[in-house]
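Chains as they are written, first to last, in our numbering: chain E, 9 to 114; chain R, 13 to 165; chain B, 1219 to 1477.
Note that CB positions come from ideal geometry on N, CA and C, so glycine has one too.
Computed from a prediction, not measured in an experiment: that's the story for all the values here.
Remarks on the structure that follows.
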Amino acid sequence: MARTLINAPRTARKGDVMEIRTLIAHPMETGYRAGADGRTLPRDIIRRFACRYNNELVFSADLYPAISANPYLAFQVVADASGTLTFTWEGDNGFAQTESATITVS
Amino acid sequence: MNHHDLPPPSRRIVLAAAVAIGLPVLWRPAQAMSDVLTGVLNTFTGGAPTREGKVHFDIAPLVENGNTVPVTVTVESPMSADNHVQALAIFNEKNPQREVVACKLTPRMGKANVSTRIRLATSQQLVAVAKMSDGSCWTHTVDVVVTLAACIE
Amino acid sequence: MIASRAALALIAALLAWAGAAGAQDPAKPRRSGFDTMSPRIQAMQRDDLQNPGMLWVADGEVLWNKIFGISFSCAHCHGDAKQSMRGVAARYPDWDPVEQRPVDLSQRINLCRTRHQLVMPLPPESVELLDLEAYVANQSRGMPIAPSSARELEAPRERGRALYTQRIGQLNLSCALCHDQRPGHVLAGATIPEGHINGYPTYRLEWQGLGSLQRRLRNCLSGVRAEPPPFNSTEMVELELYLAQRSAGMTIETPAVRP
């Protein structure tokens, strides 16, 4: 389980545009670098990020080796109903992680 | 000589004047896109015509370290059900691979504004492209100078 | 006689001036490496959600509370780190009376492990050791560096200062030549910083990871084509000791972000 830091408001008024910020620990090995022995290190990256709001996809991103290590993604989501925001990261070597945050919308 | 090796004459004059006066170069005129980027853009847009505008690619013109470059792409759009950004992508010119990131957006975002951090292998041109729900495609092309860190392992 | 005495006095004055030029002018305000960074990278450091170093700090908090083997956690003795560790990193490297030598914070953490927790020390530059060091040092963020005044540290610190001002490596440069005499100048596209140690362990963009001061110093030594001494060698710790004195009073920024 990689360390994640997520900033999502716990409460919001209906219609507010919330800023969601996510950070996950991951080396994002590009597959283009040579190791100490001169051989190319195999690619090991997070390939996809998705944010779901009450199970409906709101935002997703396909990441490539050009995304820096410890990927940071920030985006906006409209607060329209109380419920759960789910964040999923998937990648090479079976990497899969899900985090969630609850939101109360008044 | 490739036409994209040097900035076009108007941009060079502006930059030279700015440097001569000692002004920070704040105005970054729309840049003619290199062939490399034009090609990969066509694949993303499915051949649809693209126009400069609506997209604002916020990235430092001079970068201290190409390993971690903060970027923000903002698109002017109401993000309503019938008028929103459907997809957003960033492409580069000189990394080993052209793609940087490709995002799917929905009206539930309220604002088309995405930030991340990217890697740049060297000084090069980048383009951010937005595909709208009405099928139109908009771009913003930027040039970035990348310097190397001092004293590495 | 008078002429030659005057000549000697002049030579002495010139030497003193040349020597003083090698030292940092105490009257000039010192600049943290933070000040020479671009606004976007500064923003990356300031915002705990954007600062990648905070990932290590978060892991360090978990390790602080973890029970190792059949032993006990750091929290068992030290309780809440936010209280007990406040100000601790600010005085390291410090004198260890049992080992009879100066130790830096990571060495002190390992001494706690071997002496009190009765577990193996963590290898230098290992992720867990960096997690703990970052977590502990983060508790002193915002406080000034306040080196320990233990008398036993005077001689090792002076040896550290001698190493700092000594020309070394194939490029025959001393630390002082760049970082005391030429900060702000540009070397191969990078601005020379004053080289303060107020942000360690630091997330270096070049490493795309968090690393210790010793790792950074090894990079400097490679930069002048000198052979870096091993991790935790006497010279490295004495150099760290001098650098802490040199940065005394500067605000701790751990975990800092640097190019």
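Any chain B beta carbon closer than 9 Å to residue i
i: residue 60 of chain E; result: no
i: residue 162 of chain R; result: yes
i: residue 125 of chain R; result: no
i: residue 35 of chain E; result: yes
i: residue 11 of chain E; result: yes
i: residue 15 of chain E; result: yes
i: residue 93 of chain E; result: no
i: residue 134 of chain R; result: no
Below-9 Å beta-carbon distance, residue i vs any chain E residue
i: residue 1276 of chain B; result: yes
i: residue 1398 of chain B; result: no
i: residue 58 of chain R; result: no
i: residue 1325 of chain B; result: no
i: residue 37 of chain R; result: Summary for residue 37 of chain R: the model assigns pLDDT 43, below 50, so the residue's position carries little reliability, and this model does not support an answer.
i: residue 65 of chain R; result: no
i: residue 1267 of chain B; result: yes
i: residue 34 of chain R; result: Confidence at residue 34 of chain R is low in this model, with a pLDDT of 45, below 50, so the placement of that residue should be treated as unreliable; the coordinate-derived value is given next. Answer no: the Cβ-Cβ gap between residue 34 of chain R and chain E never drops below 9 Å.
i: residue 151 of chain R; result: no
Under 9 Å between C-beta atoms of residue i and residue j
i: residue 113 of chain R; j: residue 70 of chain E; result: yes
i: residue 126 of chain R; j: residue 82 of chain E; result: yes
i: residue 11 of chain E; j: residue 1299 of chain B; result: no
i: residue 28 of chain E; j: residue 15 of chain E; result: yes
i: residue 77 of chain R; j: residue 160 of chain R; result: yes
i: residue 1274 of chain B; j: residue 1473 of chain B; result: yes
i: residue 1471 of chain B; j: residue 1417 of chain B; result: yes
i: residue 1256 of chain B; j: residue 1412 of chain B; result: no
i: residue 86 of chain R; j: residue 124 of chain R; result: yes
i: residue 2 of chain E; j: residue 58 of chain E; result: Any question about residue 2 of chain E goes unanswered here, given that chain E covers just 9 to 114.
Short CB-CB distance (under 9 Å) between residue i and chain R
i: residue 84 of chain E; result: yes
i: residue 113 of chain E; result: no
i: residue 81 of chain E; result: yes
i: residue 1343 of chain B; result: no
i: residue 1405 of chain B; result: yes
i: residue 1385 of chain B; result: no
i: residue 45 of chain E; result: no
i: residue 1352 of chain B; result: no
i: residue 52 of chain E; result: no
i: residue 107 of chain E; result: no
i: residue 116 of chain E; result: Nothing in the structure corresponds to residue 116 of chain E, since chain E is present only between 9 and 114.
Minimum C-alpha distance to residue i - residue among the options
i: residue 1268 of chain B; options: B:1397, B:1421 and B:1450; result: B:1421
i: residue 105 of chain E; options: E:39, E:72, E:53 and E:91; result: E:53
i: residue 1296 of chain B; options: B:1354, B:1316 and B:1425; result: B:1354
i: residue 67 of chain R; options: R:165, R:157 and R:152; result: R:152
i: residue 1278 of chain B; options: B:1315, B:1305, B:1324 and B:1258; result: B:1324
i: residue 53 of chain R; options: R:79, R:138, R:164 and R:128; result: R:138
i: residue 117 of chain R; options: R:71, R:101, R:65 and R:62; result: R:101
i: residue 109 of chain R; options: E:79, E:74, E:113 and E:96; result: E:74
i: residue 1427 of chain B; options: B:1377, B:1345 and B:1369; result: B:1345
i: residue 96 of chain R; options: E:41, E:107, E:38 and E:67; result: E:67
i: residue 1368 of chain B; options: B:1316, B:1250, B:1312 and B:1321; result: B:1312
i: residue 1448 of chain B; options: B:1291, B:1289 and B:1434; result: B:1434
i: residue 1475 of chain B; options: B:1424, B:1286, B:1454 and B:1463; result: B:1424
i: residue 119 of chain R; options: R:49, R:61 and R:88; result: R:88
i: residue 1315 of chain B; options: B:1306, B:1326 and B:1307; result: B:1326
i: residue 98 of chain E; options: E:56, E:84, E:38 and E:13; result: E:56
i: residue 1303 of chain B; options: B:1357, B:1319, B:1289 and B:1309; result: B:1357
i: residue 37 of chain E; options: R:65, R:79, R:70 and R:71; result: R:79
i: residue 1252 of chain B; options: B:1439, B:1415 and B:1453; result: B:1415
i: residue 39 of chain E; options: E:84, E:21 and E:77; result: E:77
i: residue 1377 of chain B; options: B:1319, B:1443 and B:1436; result: B:1319
Proximal chain E residues relative to residue i, where beta-carbon distance stays under 9 Å
i: residue 108 of chain R; result: 38, 39, 40, 73 and 74
i: residue 45 of chain R; result: The premise fails here: residue 45 of chain R is roughly 18 Å from chain E at the closest Cβ pair, so nothing lies under 9 Å.
Where residue i meets chain R, residues with beta-carbon distance less than 9 Å
i: residue 1426 of chain B; result: 79, 80 and 131
i: residue 1430 of chain B; result: Result: empty, since nearest Cβ-Cβ is about 13 Å, beyond 9 Å.
Listed by chain order, chain R residues near residue i by CB distance under 8 Å
i: residue 1436 of chain B; result: 165
i: residue 1173 of chain B; result: For residue 1173 of chain B there is no data in the structure shown, the boundaries of chain B being 1219 and 1477.
i: residue 1366 of chain B; result: Ordered by position in chain R, no residue passes the 8 Å Cβ test against residue 1366 of chain B, which lies about 28 Å from the chain.
i: residue 1448 of chain B; result: Correct list: empty, because the minimum Cβ distance to chain R is about 14 Å.
Amino acids of chain E, ordered along the chain, whose beta-carbon sits closer than 8 Å to that of residue i
i: residue 1303 of chain B; result: Correct list: empty, because the minimum Cβ distance to chain E is about 20 Å.
Under 9 Å from the C-beta of residue i: neighbouring residues of chain B
i: residue 49 of chain E; result: Within 9 Å Cβ-Cβ: nothing; residue 49 of chain E doesn't reach chain B, min ~13 Å.
i: residue 78 of chain E; result: 1270, 1273, 1421, 1426 and 1427
i: residue 29 of chain E; result: 1265, 1267 and 1268
Chain-ordered neighbours of residue i on chain R, where CB pairs are closer than 7 Å
i: residue 1259 of chain B; result: 76
Contacts of residue i in chain E (Cβ-Cβ under 7 Å)
i: residue 117 of chain R; result: 67
Beta-carbon neighbours of residue i, restricted to chain B and to distances below 7 Å
i: residue 159 of chain R; result: 1407 and 1408
Exercise. Between the region 1362-1376 of chain B and the region 1339-1352 of chain B, do three or more beta carbon pairs fall short of 8 Å?
Worked result: Too few Cβ pairs lie closer than 8 Å, so no.
Exercise. Are the region 1330-1340 of chain B and the region 1407-1416 of chain B touching by the rule of at least three beta carbon pairs closer than 8 Å?
Worked result: Cβ pair count under 8 Å is below three, so no.
Exercise. Are the region 1366-1373 of chain B and the region 1384-1395 of chain B touching by the rule of at least three beta carbon pairs closer than 8 Å?
Worked result: The region 1366-1373 of chain B vs the region 1384-1395 of chain B: no contact.
Problem set entry | the region 54-67 of chain E / the region 88-100 of chain E touching (three or more Cβ pairs under 8 Å) | By the Cβ test, the region 54-67 of chain E is in contact with the region 88-100 of chain E, since at least three Cβ pairs between them sit closer than 8 Å.
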